[in-house]
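Be aware that the sequence shown starts at 2, since it is given in the working numbering, and climbs by one per residue.
Below you'll find the structure, written out as structure tokens, and then a few comments.
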Amino acid sequence: MRTLLTAALRATALGGAVLLAASTVTIRAAAQELRDEYHQAPRDTVSQEVYDGWKQYNLNCARCHGEDVLGTTIAPHLILSLKPDGPINTKELFVQTVCAGRVPKGMPAWCALGMDIPTIDKIYSYVKSRSDAKMGPGRPAVKREG
Ligand code: HEC
2 MRTLLTAALR ATALGGAVLL AASTVTIRAA AQELRDEYHQ APRDTVSQEV YDGWKQYNLN
62 CARCHGEDVL GTTIAPHLIL SLKPDGPINT KELFVQTVCA GRVPKGMPAW CALGMDIPTI
122 DKIYSYVKSR SDAKMGPGRP AVKREG
């Protein structure tokens, strides 16, 4: 009787462990489903200014200048443009270029399209952080104040 009971208990414990292992696998799979390549966990914690810039860059600039500012074949690689020896190596040059655009060459005039200077400043903060390698690719998280 006792051995039967022990055996039964062992079986239950084993069953429980198997169940536990199975549910862990299910949870892991669910977590992986949420973290597909389009929904990565944020990697960098940045200021509100840089976060807003990241958002505005993705809304307005990424389609030509590339996701994560990694460049494309149709528009300059802004990580390189903003380097100290690049053609856009000051904030003033950046703001002027983005505001006025180079319309005949395919760069829209963003002020004429209704973008304000504070928004261009925010985009600068983001692109500059990428150029200075202060943040990696992907969606950043906002640093909480205090
Ligand atoms: C429709 C495509 C397009 C979009 C959208 C676009 N750009 Fe451009 N951009 C260009 C092209 C093309 C050039 C290169 C123009 C030239 O040949 O001088 C350029 C040039 C630039 C330059 C100068 C780079 C250099 O090395 O001289 C900056 C800075 C820039 N863009 C920033 C932005 C920002 C910021 C945004 C979003 C607000 C943006 N661009 C959106 C196409 C685009």
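For glycine and all other residues, C-beta sits at the position ideal for the given N, C-alpha and C.
As the structure is a prediction and not an experimental result, all values here were calculated from the model.
Checklist entry - In whole angstroms, what separates the C-alpha of Asp122 from that of Ser130? => result Position 121 of the sequence shown, counting from 1, holds the residue named residue 122. Position 129 of the sequence shown, counting from 1, holds the residue named residue 130. Rounded to the nearest angstrom, the two C-alpha atoms are 12 Å apart.
Checklist entry - From Pro85 to Cys100, what distance separates their C-alpha atoms? => result Taking the first residue of the sequence shown as 1, we reach residue 85 at position 84. Taking the first residue of the sequence shown as 1, we reach residue 100 at position 99. Near 21 Å, if we compare the C-alpha coordinates of Cys100 and Pro85.
Next on the checklist: Less than 7 Å between the beta carbons of Ser48 and Lys144, yes or no?
Outcome noted: Walking along the sequence shown from the start, residue 48 turns up at place 47. Walking along the sequence shown from the start, residue 144 turns up at place 143. Yes, Cβ-Cβ distance for Ser48 and Lys144 is below 7 Å.
Checklist entry - Name the DSSP beta bridge partners of Met136, please? => result Start at 1 with the first residue of the sequence shown, and residue 136 comes out as number 135. Beta-bridge pairing by DSSP links Met136 to no other residue.
Item to check | Nearest-angstrom Cβ-Cβ length linking Ile80 and Val96, presumed shorter than 8 Å | outcome: Position 79 of the sequence shown, counted from the start, is the residue given in the question as residue 80. Position 95 of the sequence shown, counted from the start, is the residue given in the question as residue 96. With a Cβ gap of about 18 Å, Ile80 and Val96 do not count as contacting.
Next on the checklist: So, at 6 Å on beta carbons, what are the nonlocal neighbours of Lys92 in its own chain, with the 5 sequence-adjacent residues on each side left out?
Outcome noted: Along the sequence shown, read from residue 1 onward, the residue named residue 92 stands at position 91. Tyr125, listed in sequence order.
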